[in-house]
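86 is the number that numbering that gives the first Met the number 0 gives to position 87 of the sequence shown; each next residue is one higher, with no gaps. Idealized CB from N, CA, C, for every residue including glycine. All figures in this text were calculated on a predicted structure; none of them were measured in a lab.
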Amino acid sequence: METKKMMLIFADRGIQSGWSADSIQSTLEGIEEKFEKCNDKLASVSVGPCSYQFQADKIERMTQDLQLLQSYASSAPDYVWETLDNPLYVDFKNNATESLSQIILDDFYTDNTIGMEEHFTVSQKGAVYSQKRVKETLTFSDFLGLPAVEHEDSMVTLENVETVNEFASLFRKDYD
0 METKKMMLIF ADRGIQSGWS ADSIQSTLEG IEEKFEKCND KLASVSVGPC
50 SYQFQADKIE RMTQDLQLLQ SYASSAPDYV WETLDNPLYV DFKNNATESL
100 SQIILDDFYT DNTIGMEEHF TVSQKGAVYS QKRVKETLTF SDFLGLPAVE
150 HEDSMVTLEN VETVNEFASL FRKDYD
């Protein structure tokens, strides 16, 4: 009797899921045999048959666990809003994105494998001095063309960059 109910339920759900009739039929033909094998194995280890009546307590406990899980799942969006989304929303309205992006961009750097040089032009007491050096590391500020001025009167420029793509590939290699 229970096998017949299971077969009908399985067939109905299979059709709703878009399974072909042949696939459902071949699966249902073997279900009775599978139930018998399960019952034989359970009987060989002194466990009762695989039936709804035998598993009623377990099914009831699983149902209660499922209800508890559903209550947690329904409260999860509110919890996420209160603890994550709303504070972020408030901070973003207060221009926190600029501070956040500055912090993150300052942390990005890569080794200078393309030989990019820093050229300094410093004017002191009416004289102009030029110096250059190969940078050991490149920062994201270098990529954006934002010079890090070391002295009040100095002007720093970067040279020996073949293409922007070459520069970008250094960061892509380290941070992809």
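Same chain, Cβ closer than 6 Å to residue i, neighbours up to 5 away in sequence not counted
{"i": "K134", "result": "N111, M115 and E117"}
{"i": "D77", "result": "none"}
Same chain, Cβ closer than 7 Å to residue i, five either side skipped, listed in chain order
{"i": "H150", "result": "For H150, the predicted structure reports a pLDDT of 48, less than 50, and the residue's modelled location is therefore unreliable. A value from the coordinates is still provided. The answer, listed in chain order, is V121."}
{"i": "L137", "result": "Y108, T109, N111, M115 and L169"}
{"i": "D84", "result": "none"}
In DSSP terms, what residue i is bridged to
{"i": "R132", "result": "E117"}
{"i": "S122", "result": "V127"}
{"i": "Y71", "result": "Its beta-bridge partners do not exist; DSSP assigns none."}
{"i": "Y108", "result": "T138"}
Own chain residues within Cβ distance below 8 Å of residue i, not counting five before or after
{"i": "Y71", "result": "none"}
{"i": "D152", "result": "Bear in mind that the predicted position of D152 carries a pLDDT of just 49, short of 50, making it unreliable; the figure below should be weighed with that in mind. Excluding sequence neighbours, D152 sits near V121, S122 and Q123."}
{"i": "Q15", "result": "none"}
Any non-hydrogen atom of the ligand ATP closer than 6 Å to residue i Cβ
{"i": "D39", "result": "Absence of the ligand ATP is noted for the structure shown, with no ligands found whatsoever."}
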